[in-house]
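Student: Per UniProt numbering, residue 1 is the first one in the sequence shown, and the count goes up by one each step.
I am attaching a structure below and will ask some questions about it afterwards.
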Amino acid sequence: MSKYIIAMYIRLSMEDAKTDSLSIPNQRLLLGRHIDTLEQNDVEILEFVDNGYSGVNFERPAVQELLELVRQSKINCIIVKDFSRFGRNSIETGYFIEQVFPLFRTRFISVSDNFDTNDYKEDTGGMAVAFKYLMHEYYSLDLSRKTKSAKYTKMKRGEYISEVCCYGYKKGTDGRLAIDEEAAAVVHRIFALALETKNAQEIVKALYADGIPTPGEYKAAKGKGFHDISRCGGIWQRSSVLRILADERYIGTYIMGKRTLKEVGGKRSRLKDESEWFKIPNHHPAIIEKAVYEQVQAKLLHFKCDKHNHEYVLRGKIVCGCCQHAMNRAPRKEPAFVCRYTKVDASAPCNGMEIKERELETMLFDIISKQAQIILNTDNLNNIGEMELRSEQQAEYRKLIRRCQDNKRSLYEQYVMREIDAGQYAELKADLDAELNHLNRIYTAISAQAAKLKADCEENNKAREFAEDISKETGLTQELMELLIDKVFIYPGNRIEISWKVTDFSDFQNRRDTHGEERNKGCHLLPRGDRRPVVAGSSKGIPARICQGTRI
1 MSKYIIAMYI
11 RLSMEDAKTD
21 SLSIPNQRLL
31 LGRHIDTLEQ
41 NDVEILEFVD
51 NGYSGVNFER
61 PAVQELLELV
71 RQSKINCIIV
81 KDFSRFGRNS
91 IETGYFIEQV
101 FPLFRTRFIS
111 VSDNFDTNDY
121 KEDTGGMAVA
131 FKYLMHEYYS
141 LDLSRKTKSA
151 KYTKMKRGEY
161 ISEVCCYGYK
171 KGTDGRLAID
181 EEAAAVVHRI
191 FALALETKNA
201 QEIVKALYAD
211 GIPTPGEYKA
221 AKGKGFHDIS
231 RCGGIWQRSS
241 VLRILADERY
251 IGTYIMGKRT
261 LKEVGGKRSR
271 LKDESEWFKI
281 PNHHPAIIEK
291 AVYEQVQAKL
301 LHFKCDKHNH
311 EYVLRGKIVC
321 GCCQHAMNRA
331 PRKEPAFVCR
341 YTKVDASAPC
351 NGMEIKEREL
361 ETMLFDIISK
371 QAQIILNTDN
381 LNNIGEMELR
391 SEQQAEYRKL
401 IRRCQDNKRS
411 LYEQYVMREI
421 DAGQYAELKA
431 DLDAELNHLN
441 RIYTAISAQA
451 AKLKADCEEN
461 NKAREFAEDI
471 SKETGLTQEL
481 MELLIDKVFI
491 YPGNRIEISW
501 KVTDFSDFQN
511 RRDTHGEERN
521 KGCHLLPRGD
531 RRPVVAGSSK
541 GIPARICQGT
551 RI
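Encoded structure:
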C-alpha cells in the first residue's frame, strides 16, 4: 500500500519575522499537531520552507519545488498555517486551491482558517474563502505602502538607510555618512588624476600599477562586500572610475531612492528618473570640493565611455579565452573586439589581442552554414523505408495476435460445450498463452522501434526545415546568434572556441517560435553549452567545440 504524502509548507517573510507566532518553529509545531489529528494511516511528512520570501508572488524556491511534486502527482495533501503562508496574491492563490489542486486530487488544509478541501464536495469555500484571499493580499499591499513611507521619512530626515555605503564613506554612529579616510584618499587621487587630463584608461592603469584594491575588494576585505569579486583580479574598470568621478555624494549631496521595485514583493527593480531621486545638498562631510568636482565634470565629456547602444549581432557573446572577461567592441573604421585588460596589464597573455568584427561574423556564419549543409545533404530515405517496413511488420503481428486470441476463445467454447476435458483445455490454453506472450513481446519491440524511427524522422525534418531557413540567409543575424551560440572564446593568434547552446538543429526548430516570448520573460531559452572537443562534420549534431587554431 502506498504511503499518504503530506507536505507541510512554511513561509516567513522579513516582516513576519517580527511576529513570534509566525516563526518557523511555531508554524512547524502547529502543523505537526494538526497532522496528528488527521485520520490517516501510513503517513509520510515532507517539509517545504521559504525563509525571507514575500507571499505576493510564487517565485519562491520551496513552493516551486512543492508545486512541481504536485504536478507529478506525488503529493496527497498540503497543509499550511493560513492562506497567507501559501500566498498573498488572491488570484494566484485561488487558482491553485480551486483549479490546480483538485485536478491532481491534492487535498489542501489551512489550519487557522479552519479550511479543508475534503469538507467541500462541489466548491472550495465560496465567498468566505475568496474574501480571505483578498484580505491577505490587501494586507501585503498596505504593509508595502507603510514600509515605503517609513523609508521615505527616514530619507527626508537625512538618515542613510542602505546597509552598504558608497566607496569612500562609512556609516557613523548617528546613522549618517562619515568619511572613510583610507578609501577617501583613493577618491582624492582619482579626481586629482582627472584634473591632470588623465583619461579613464590612464587612471585605471595608475591604480593597477600601485596595487590599489578595487572598491569591491576593499569592501570584501572590510567584511562589507556582497558582490562576487573572484574574477576582478585586482583590476579597476573604466566604468567604476567614471562612476566615481560623476558621483555627487562626494561633494556632500545626499542621494537615495534611485531605484524602485517593479512590483510589491518582487526582486526586480528599475532605475527611476533623476528628478525622482532624493537629494539633500550639504548633508554629510564632502570628500571633494565642489569647485574641483565641477572642473572634472567639464572634462568628463572628453573621456566618457560611449553610452550609445550599438545594435550588433555579437553583443554579449565574445569572451577573452585567457582571462574569461567579456571583450569590448572598439568602434573604429573597421570595428574589432579587444580584451579590456590588454591596456592594463602588459604581462597578460591576452595583451594586444584583438579580432576584427566583420571577419569574425563571416567566419561564424560560414561555420553555421556548413553545419546546415551537412543536415541538407543527409539522406532521410533510409529512415522512411525502415518506418514502412516496421509498419508492415506491426500489421502482420497484429493479425497473428488476433488469430491467437480467436483460438483461445474457440478453445474455451470447446471446453464449455464439453468437447474437450479440463486437462486438455489447460494444456492447450497454456500453449496458446505462451504463443500469445511471445507474439506480444515481438509486437512491443517492433512498435518501440517504429516509434523511435518516427521520432527520428520528425527531428530530421525539423532540422532540415531550420537548415533550409539558414541556407536562405546571406549573413549572420541576431536570431541565429541567440538561438545557436552561447559564447565565442577568443585566444591569441586568432584561435577561437565556440560554445553552442544545443547540439541538434531540431531542438532549435522546436524552440525558436517561442524564443521572443521566453526572452521577454527573462528566462534562458536554452542551457549553456559546454566546450568539449567533438569531431567537426558530424552528420547530425553541431560540434560543441570547433575551429581551434583557425586563423582569420
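For glycine and all other residues, C-beta sits at the position ideal for the given N, C-alpha and C.
(1) Quick one: grab the DSSP three-state call for Phe83.
(2) Quick check on the DSSP output: what are the complete beta strand (DSSP E) runs of length 3 or more inside the segment 467 to 501, in order along the chain?
(3) Check the C-beta distance from Met353 over to Pro492 and give it rounded, since I have them as a contact under 8 Å.
(4) Tell whether a beta-carbon distance below 8 Å holds between Glu435 and Leu376.
(5) Let me make sure I understand the geometry here. Which of Asp42, Met8, Glu181 has the alpha-carbon closest to that of Val49?
(6) Since Lys3 and Glu44 should fall inside the 8 Å C-beta cutoff, what is the C-beta to C-beta distance between them, to a whole number of angstroms?
(7) Under the rule that 16 or more other beta-carbon atoms within 10 Å means buried, what is Ile368, buried or exposed?
(8) Taking 8 Å as the limit between beta carbons, can you name the residues of its chain near Leu411, skipping five residues before and five after?
(9) Report yes if the CB atom of Phe115 is closer than 8 Å to the CB atom of Glu92, and no otherwise.
(10) Which residue comes first and which comes last in the alpha helix (DSSP H) that contains Met363?
(11) By Cβ distance below 7 Å, which residues in the same chain neighbour Met14 in space, the five residues on each side in sequence not counted?
(12) Buried or exposed: Lys472, going by 16 or more other Cβ atoms within 10 Å of its Cβ?
(13) When the distance is taken between beta carbons, is Arg238 closer than 8 Å to Ala200?
(14) Can you look up Ser110 in the DSSP assignment and give me helix, strand or coil?
(15) Tell me, please, which residues DSSP counts as bridged to Cys320.
(16) Tell me where the alpha helix (DSSP H) around Lys205 begins and ends.
(17) Looking at the secondary structure, which residues open and close the beta strand (DSSP E) in which Lys279 lies?
(18) Going along the chain, which residues of its own chain have a beta-carbon closer than 7 Å to the beta-carbon of Tyr397, five neighbours each way excluded?
(19) In the structure shown, what three-state DSSP assignment does Val49 receive?
(20) Please report how far the alpha carbon of Arg495 lies from the alpha carbon of Ile355, in whole angstroms.
(21) How is Met353 classed by DSSP in three states: helix, strand or coil?
(22) Which whole runs of the alpha helix (DSSP H) in the segment 374 to 439 are 4 residues long or more, in chain order?
(23) Could you name the residues that DSSP lists as bridge partners for Ile35?
(24) Using three-state DSSP, classify Tyr312 as helix, strand or coil.
Tutor: Checking against the coordinates, here is how it stands:
(1) Shown here, Phe83 sits in a helix according to DSSP, grouped into three states.
(2) As far as the segment 467 to 501 is concerned, its whole beta strand (DSSP E) runs of at least 3 residues are 485 to 491, 495 to 500.
(3) 5 Å
(4) no
(5) Met8
(6) 4 Å
(7) buried
(8) Ile420, Tyr425, Leu428, Lys429, Leu432
(9) no
(10) 357 to 377
(11) Excluding sequence neighbours, Met14 sits near Gly52.
(12) Exposed, because fewer than 16 other Cβ atoms sit within 10 Å of the Cβ of Lys472.
(13) yes
(14) strand
(15) Ile490
(16) 200 to 209
(17) Where Lys279 is concerned, the enclosing beta strand (DSSP E) stretches over 278 to 280.
(18) Leu439, Ile442, Tyr443, Ile446
(19) strand
(20) 10 Å
(21) coil
(22) 381 to 416
(23) Per DSSP, none; premise fails for Ile35.
(24) coil
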